[in-house]
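Here is the structure we will look at, set down as structure tokens.
Below you can see the structure in the form of structure tokens.
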């Protein structure tokens, strides 16, 4: 075959695949053979093919040989897609006008065909273009959004610094979580990583004709190398893949946008990589058949063994991602068994040449080292005219043995399949028989037969009564009232010889109802047993002892027989199940092991969702979760919860297995000379090593500039505080309250700032002065012999410290937090250094306003003199200022929390949210330094979470109202308040927060299956990606709310009041 013929054949096949994808997208039909037949019947006319497939009563015609063999032509060396996924664009076909419907379909398909003829770009390539352009546009458009909608990096580079040996995340640059999931899965295949990092373009690339593939593939390969090198050696916690995405976007031009179907993207990505490596392979092996490492790594072959109208055939095909249907199957092996067999296969095993049956089997002849299964979890709903996600549970193993699907085991597998088929037939028969025992009866309600016999035996054995169940009820008495509570006594004449009245009752004449006596009422909670003659349940009227003996004997025997039969059936069923499970467990069928490497997960619905990946780290022997910029440790249990599906909106859509007998796929590289394992920059070629060093240098410079800026700000704050202190000392007016009083004149620049400006400084100063003067008075009373100011100062400080120490040691309720009353209590709780405590107490007694009497003045002067004598090296002023700054932050956090809780209790959830958000964030910063630096994070987290849930509930209610203003308000609450806060709940990965996020997402996802107005559907479709595509990247908020000012007494009282009124407080009470 000439080169021109080969190119024409590839072009024709690609065009054929494009037509199939278009038909699959529009009609929702997944049967490849039926799609091919529709194309043949219509002679390639897409509009007629759509009409053929969408006809209501159309039946699937018999397949002819040409269409059946469509994908099994020999001589095609290129990759043949096995049921590749169609573009995920959805056309709404729910209109009533069928003519308009057909015209719209025809017009859409005609446009697509014309685009292909004019540009040579396939529909798949256009789909890639659309998503990439949408991603870049989303990224650029973020600069134009309002402040609350911008996804941004933390301004503090230390927050973006990579922890040692932690994998690097990928930033979501706008609807690109699918890109992150796929790239991370491939990057963690170390052999693939090495192939990309050490790829070099053909040396003669400048002399080659620059065709479309070279324009696209070579720049993309370079950017992929750059991206991989940063993921290996970057100092950043996560890196930006925008440049690689830009290259993909520039390859094609389109103005449409959508979130890309991940399986299709993976297929195209590998296709482009294959082309890039093919160019290099052809140059390196001139004169020989080139080996393409992408083909050897990801592509395998299978034998299609079939029969068509009695004629047998065998053909070999290549495959990459192997598609599997999920609907109707419980585990991966069932999916594979169904995928390997198509149609009727009995004729394959017989020698009858005249059979009219058709079918085929697939047998793998060569499995790729990386085996990828594409789980088809989306189907087109013809009635609704849109795709729907299949949430069925599908289990898959961590170790998959592929022996039963190999061509070399064809005969033994057929024998085992036949045996399994026979066992399943027996199993079905036994289960039907068992069902008759367990659901006995002919009516709508059925019961286990053994229980029915038991109930019959209990009825027969009950004590017989002679009366009708209605005889002791006065049917003439009106309902309610006092008469309804009385039971008429039975007349003596009505009593039979074998009947006795219940104990304590005597006959009463029926002709005198006014003299009826109240019958004792059975009280089940105070009476140990029922009256002896009152039957517990219905009983036979008349039964002789002989009848009862015979009946009991029969029922006992029958029940024993039924129980034995049931037990035997259940045992046989269990044994057959066990036999089927162990059918392939012998060693000969466990020689082709594939270990699960990665699971790509989708959460959401068909038209909106979020993607992430679980990837196994064989060196640490644990699963890791790659969720955009967040890379966290995980477990098999979490993977199962998120990936199997069945009870939530998350499920696996792609499984990547690797050959467990080929360790080179995941083996690290070692230095040939030293034998040491290569890591970090040592793994990179020289050009990429330089590239990463330059990027790390830029990041180091950013950190250095940030640190310099922060140091400058801190210095400016110190100078400003010193200036404020100096200004305060020149005034004679009372100072604002501060737990630390004014220092002596000589200490001006080192003055600690006030904790907060207070509206009533006189009250706070007076309160602090009273405490100080009380300590002085008590010390003077205890030290009558000590008259010197210095001695009294020492004694007073001891008295004050003892008082505050007692407060610190008390085990109090949350509403009585002594840390708010005095800074020393806070310092004691957090084990501040002794020098910090001493200096703080000296500052309290050195207050200029301490002028109660001459004694207080003299002590104040002594305290100020002592401060003057303190040498700079004796007290670390930076540490001193840090402790007092922490206390100021603690008070601010308290006010945020207090106001947030007050607003929450008033159901002002919108206003409360920001206070609770900032109290939680600031509180966590404090708790990093110590357990008692802040408040209980569980308490703040609880009310923060509850506030978000309330807002979500309110917003959902507004959306359900359907009223335009209410809908807009509800979505505004979600977009501006709830969605930006979701990453804050995800970042620490606590179970309660994760469940809350899941509840919020599920509430909105539940609307997808409901009928609603088109404008509501449009708003919902626009909103859901924002809700579901929330990584742990923190979104910027409004500035913190401006706090009002409170005196210490006001703060303590108000905080205690709100804490005492809480309905939920943590167990530890902190």
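Residue numbers (my numbering): -18 to 1051. Quick reminder that beta carbons are idealized off the backbone N, C-alpha and C, glycines included. Please read all numbers here as calculations on a predicted model, not as lab measurements.
By the C-beta density criterion, residue 150 is buried, having at least 16 other C-beta atoms within 10 angstroms. It is roughly 10 Å from the alpha-carbon of residue 272 to the alpha-carbon of residue 261. A Cβ-Cβ contact shorter than 8 Å links residue 959 with residue 981.
CA-to-CA, the gap between residue 679 and residue 688 works out to about 14 Å. In terms of Cα proximity to residue 570, the closest of 890, 636, 393 and 762 is 393. In the three-state reduction of the DSSP assignment, residue 177 falls in the helix class, which pools H, G and I. Straight through space, the alpha carbons of residue 228 and residue 804 are spaced by roughly 59 Å. Residue 606 counts as buried, since no fewer than 16 other beta carbons sit within 10 angstroms of its beta carbon. A straight line joining the alpha-carbon of residue 911 with that of residue 361 spans about 55 Å. The beta carbon of residue 163 sits closer than 6 Å to the beta carbons of 247 from its chain, once the five residues preceding and following it are set aside; these are given in chain order.
Note that the C-beta distance between residue 317 and residue 635 is not below 8 Å. Counting along the chain, residue 282 sits inside the beta strand (DSSP E) bounded by residues 281 to 289.
Residue pairing of residue 607 in beta bridges, as defined by DSSP: 594 and 612.
Taking the C-beta atoms as reference points, residue 989 is found no nearer than 8 Å to residue 978. Residue range 430 to 442 is occupied by the alpha helix (DSSP H) that includes residue 442. A direct Cα-to-Cα measurement between residue 991 and residue 226 gives close to 35 Å. In the three-state DSSP reduction, residue 304 falls in the strand class (E or B). From the listed residues 440, 762 and 897, the smallest Cα separation to residue 883 is found for 897. The alpha-carbon of residue 802 is positioned some 9 Å away from that of residue 1032. DSSP lists 595 and 636 as the beta-bridge partner residues of residue 580.
The three-state secondary structure of residue 629, taken from DSSP, is coil.
Here residue 942 carries a helix assignment [DSSP, helix/strand/coil].
In the displayed model, residue 1024 falls within coil according to three-state DSSP, outside both helix and strand. Residue 871 places its beta carbon 8 Å or farther from that of residue 922. When secondary structure is reduced to three states using DSSP, residue 377 falls in the coil class, being assigned neither helix nor strand. Considered as a whole, the segment 922 to 1003 harbours no complete run of any beta strand (DSSP E) with no fewer than 3 residues.
In the displayed model, residue 426 falls within coil according to three-state DSSP, outside both helix and strand. The Cβ atoms of residue 564 and residue 399 do not sit closer than 8 Å to each other. Your pair residue 303 and residue 574 does not check out as a contact, with CB atoms roughly 17 Å apart and the cut at 8 Å. Between the segment 873 to 883 and the segment 849 to 861 there are fewer than three C-beta pairs closer than 8 Å, too few to call the two in contact.
If you look at residue 341, you'll find it isn't in any alpha helix (DSSP H); it sits in the beta strand (DSSP E) that goes 340 to 347. When C-alpha distances from residue 543 are compared across 624, 430, 603 and 645, the shortest belongs to 430.
Around the beta carbon of residue 840, a 10 Å sphere encloses 16 or more other beta carbons of the protein chains shown; the residue is thus reported as buried. Where residue 355 is concerned, there is no enclosing alpha helix (DSSP H), although the beta strand (DSSP E) around it starts and stops at 351 to 357. Burial check for residue 987: the Cβ neighbour count within 10 Å stays below 16, so the residue is exposed. Under the DSSP definition of a beta bridge, residue 217 partners with 142.
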